[in-house]
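In full-length UniProt numbering, the protein residues as written are 1 to 469.
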């Protein structure tokens with residue numbers, strides 16, 4: 001990622017193309033907001049978490065401290081352990097390192113266990129949580145017991161894990177149950193909503209006997225419009241034991257490409273619904289089923305892999321803009337919690353990860369997440385856009401302490417857009433920072449934060465701009 005150095009003079013700001021001298025009526029687009037109104041919501045303080053897939057975390061990736069620092073710098077929410085589907089196979093007292101195989105399978109050969117240096121065990125996870133200041137989010141393997149007719153042993157294993165965490169100074173409030181139970185690669189195969197609900201019911205009362213203050217996360221299909229009746233069934237069976245519902249959002253799964261992303265604003269799920277509207281639809285489903293206080297999480301979210309995509313594969317820099325649009329929608333919709341997946345990966349689809357294993361350096365999204373991390377806990381403000389709104393996505397936040405206004409605005413157009421600001425009806429001194437695509441549309445270029453007394457800003461083509469007032 002290239003950095004464009006800026007001069008201190010206003011003339012240099014104009015030449016850099018960030019500040020416009022247009023009058024309000026001449027701007028392409030005007031954003032209006034009143035910073036003295038009541039907030040529409042709050043940016044979750046658990047917006048920026050990460051998945052720790054235990055079997056994919058060798059010690060060698062953490063020894064330099066680069067990855068630990070990158071996570072810490074984001075002001076992380078959750079660190080989700082031991083990962084996704086591997087949670088349905090995981091036995092914390094005897095991690096095998098073979099993430100998608102079950103120690104309780106009579107055919108499993110323990111001589112095939114991988115060396116401890118090739119994976120992250122529970123003690124290493126506890127240490128990482130403490131180093132980064134993140135909040136723990138720990139999975140419960142509810143599948144092995146049901147698959148191998150050892151349910152009580154599975155419950156006892158979970159209770160020992162809860163006690164171990166407590167005894168080792170890890171205060172775990174949130175526990176997630178299995179992972180993607182509707183998928184064929186889940187341990188034991190796919191389950192119906194009722195079957196999954198009964199698994200939850202077998203474990204949760206016993207877990208809450210140990211600690212009545214814990215919160216339970218259940219995972220089911222994304223796309224609420226398509227799967228609403230399945231949620232009705234899940235709530236009917238296990239709603240009393242569910243505090244949070246988790247859906248997995250992968251933008252453009254299977255066909256992720258730059259062209260595909262530009263073809264639709266706002267981006268969203270395959271049914272055509274935006275992430276913001278999906279959040280609202282979930283609230284309606286939960287309320288209809290008598291559980292209005294159940295929260296919504298996306299504990300796996302990212303750009304989808306593009307196995308069937310037309311054209312070139314996305315670059316990490318292009319992915320960063322798509323990931324940013326998802327975060328803007330999460331803020332606007334009021335998503336309660338999220339964890340990014342993957343932190344890193346070892347396949348051809350590593351372009352969408354947070355950290356590059358090959359280079360040992362964070363990907364471009366890491367720098368952008370640092371800024372989004374500062375928004376956590378801020379007020380979400382209502383605003384209006386007038387003028388040219390096509391392919392524009394924005395969010396407005398207000399700092400609870402100093403009442404400063406923070407604007408994040410994405411321009412998905414192939415041309416520059418001049419933006420006028422009408423905050424409390426007058427011009428404000430603005431701090432401006434942007435990330436924009438290079439002329440070949442492969443790399444992100446960064447214009448560092450600079451300041452001007454004017455409130456009119458030029459949004460570069462294919463750019464993400466942060467404005468502070």
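Note that the Cβ used here is the ideal one computed from N, Cα and C, for glycine as well.
| query | Distance, Cα to Cα, residue 434 vs residue 446? | reply | As a working note, residue 434 is residue 434 in the chain shown. As a working note, residue 446 is residue 446 in the chain shown. Rounded to whole angstroms, residue 434 to residue 446 spans 6 Å at the Cα level.
| Supposed contact pair residue 333 and residue 275 - C-beta distance, whole angstroms, cut 8 Å | Position 275 of the chain shown, counted from the start, is the residue given in the question as residue 275. Position 333 of the chain shown, counted from the start, is the residue given in the question as residue 333. Yes, residue 275 and residue 333 are in contact; Cβ-Cβ is about 6 Å, under 8 Å.
| request: Report the rounded CA-to-CA distance for residue 444 versus residue 322, giving the unit in angstroms. | output: As a working note, residue 444 is residue 444 in the chain shown. As a working note, residue 322 is residue 322 in the chain shown. Roughly 12 Å separates the two Cα atoms.
| message | For residue 59, which residues in the same chain have their Cβ closer than 7 Å to its Cβ, ignoring the five residues on either side in sequence? | response | Numbered from its first residue, the chain shown carries residue 59 at position 59. So the list reads 117, once near-sequence residues are dropped.
| message | Less than 8 Å between the beta carbons of residue 158 and residue 207, yes or no? | response | The sequence position of residue 158 within the chain shown is 158, counting from 1. The sequence position of residue 207 within the chain shown is 207, counting from 1. Yes; because the gap between Cβ atoms is below 8 Å, this pair is in contact.
| query | Span of the alpha helix (DSSP H) holding residue 177? | reply | Mapped onto the chain shown, residue 177 falls at position 177. Where residue 177 is concerned, there is no enclosing alpha helix (DSSP H), although the beta strand (DSSP E) it sits in stretches over 174–177.
| message | Given a cut-off of 8 Å on the beta-carbon distance, is the pair residue 392 and residue 29 in contact? | response | Residue mapping note: residue 392 aligns to position 392 of the chain shown, counting from 1. Residue mapping note: residue 29 aligns to position 29 of the chain shown, counting from 1. A contact, by the Cβ cut-off of 8 Å.
| query | So, residue 405 versus residue 423, is the Cβ gap smaller than 8 Å? | reply | By one-based count along the chain shown, residue 405 stands at place 405. By one-based count along the chain shown, residue 423 stands at place 423. Yes, the Cβ-Cβ distance between residue 405 and residue 423 is below 8 Å.
| Nearest residue (CA-CA) to residue 196, options 144, 291, 112, 70 | Here the question's residue 196 lines up with position 196 in the chain shown. It is 144.
| Given that a residue counts as buried once 16 or more other Cβ atoms are within 10 Å of its Cβ, and exposed if not, what is residue 156? | For the purposes of this step, residue 156 is taken as the residue at position 156 of the chain shown. Flag for residue 156 reads exposed.
| Short CB-CB distance (under 8 Å) between residue 215 and chain C | Absent here is chain C; the protein component of the structure consists of one chain.
| field | Sequence-distant residues of its chain with Cβ nearer than 7 Å to residue 40 (five each side left out) | value | Here residue 40 is taken as the residue at index 40 of the chain shown, counted from 1. Correct list, in chain order: 380, 381, 382.
| query | When DSSP labels each residue in this structure, what does residue 470 get in the three-state scheme? | reply | What is shown of the chain runs 1 to 469, which leaves residue 470 out entirely.
| said: Buried or exposed for residue 180, going by 16 or more other Cβ atoms inside 10 Å? | reply: Residue numbering aside, residue 180 sits at position 180 when the chain shown is read from its first letter. In this structure residue 180 is buried. Its beta-carbon is surrounded by 16 or more other beta-carbon atoms within 10 angstroms.
| Got a sec? Which residues, its chain only, sit under 6 Å from residue 210 by beta carbon, not counting five neighbours each side? | Here the question's residue 210 lines up with position 210 in the chain shown. Cβ neighbours of residue 210 beyond the five flanking positions: 159, 162.
| query | Roughly how many whole angstroms lie between the Cα atoms of residue 469 and residue 429? | reply | Position 469 of the chain shown, counting from 1, holds the residue named residue 469. Position 429 of the chain shown, counting from 1, holds the residue named residue 429. Each residue's CA atom was taken as its position, placing residue 469 and residue 429 some 6 Å apart.
| query | Taking DSSP as the reference, what is the three-state secondary structure of residue 467? | reply | Looking up residue 467 in the chain shown gives position 467. If DSSP states are grouped into helix, strand and coil, residue 467 belongs with the strands.
| Is it true that the CB of residue 309 sits closer than 8 Å to the CB of residue 260? | The sequence position of residue 260 within the chain shown is 260, counting from 1. The sequence position of residue 309 within the chain shown is 309, counting from 1. It is a contact, given that the beta carbons lie within the stated cut-off.
| field | residue 109 in three-state terms, based on DSSP | value | Counting from one through the chain shown, the residue named residue 109 turns up at place 109. The answer is coil: DSSP assigns residue 109 none of H, G, I, E or B.
| message | As a quick exercise: from 419, 175, 235, pick the residue whose alpha carbon is nearest that of residue 194. | response | As a first step, residue 194 must be located in the chain shown, where it is residue number 194. Cα-wise, what sits closest to residue 194 is 235.
| message | Count Cβ pairs between the region 38–54 and the region 103–112 that sit closer than 8 Å; are there 3 or more? | response | no
| Apart from the five residues just before and just after residue 486, which ones in its own chain have a Cβ nearer than 8 Å to its Cβ? | In this structure the chain extends from 1 to 469, so residue 486 is not present and cannot be described.
| request: Go ahead and pull the three-state DSSP assignment for residue 475. | output: The requested residue 475 is not part of the displayed model; the chain covers only 1 to 469.
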